[in-house]
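A short worksheet on the structure shown next.
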Amino acid sequence: MARKKAREERNLKDSKQNLLNLKQRKRYCYFCKENIDNIDYKDVSMLRKFVSDKSKIRPKRSTGNCAQHQSMIAKAIKRAREIALMPYFSR
Numbered sequence: 076m077a078r079k080k081a082r083e084e085r086n087l088k089d090s091k092q093n094l095l096n097l098k099q100r101k102r103y104c105y106f107c108k109e110n111i112d113n114i115d116y117k118d119v120s121m122l123r124k125f126v127s128d129k130s131k132i133r134p135k136r137s138t139g140n141c142a143q144h145q146s147m148i149a150k151a152i153k154r155a156r157e158i159a160l161m162p163y164f165s166r
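Numbering (our numbering), first residue to last: 76 to 166.
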């Protein structure tokens, strides 16, 4: 009886995992898709897409950018912060 119940719970857990895996779609690099070569630190409206609510740089896995463009974004955001175009943190 207990084994049957444990097996049913395991099957339910596996089916939920499969549903979660189906909902995730592959993200593609925005800059590769749009053929953008340069990332300008003065374009604050574009850089805000890659910053969280608390002004943290979003990771590559959540933005979907390739490694090359993610490092360029990080450098541009850091330059914009240093020149005071973007905040270091927000409340």
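Glycine included, C-beta positions come from ideal geometry on N, C-alpha and C. Here the structure is a predicted model, which is why all the values come from computation and not from measurement.
request  = Answer with buried or exposed for N140, where buried requires no fewer than 16 other C-beta atoms within 10 angstroms of its C-beta.
outcome  = By the neighbour-count criterion, in which 16 or more other beta carbons inside 10 Å mark a residue as buried, N140 falls on the buried side.
Rounded separation between A159 and R100 - CA only = So the alpha carbons of these two residues sit roughly 35 Å apart.
query = According to the neighbour-count rule (16 or more other Cβ atoms, all chains shown, within 10 Å of its Cβ), is A155 buried or exposed?
reply = A155 should be labelled buried.
inquiry  = So, for M121: in the same chain, excluding its five sequence neighbours on each side, which residues have a beta-carbon less than 7 Å away from its beta-carbon?
reply    = The beta carbon of M121 lies closer than 7 Å to none in the same chain, with the five residues before and after it left out.
Collapsed DSSP secondary structure at I158 in the structure displayed = In this structure, I158 counts as coil in the three-state DSSP scheme.
query = In chain order, which continuous runs of the alpha helix (DSSP H) of length 4 or greater are located wholly inside the region 96-127?
reply = Runs of the alpha helix (DSSP H) lying entirely within the region 96-127 and spanning at least 4 residues, in chain order: 105-108, 119-122.
Limits of the unbroken alpha helix (DSSP H) element including R136 = Its alpha helix (DSSP H) spans residues 135-138.
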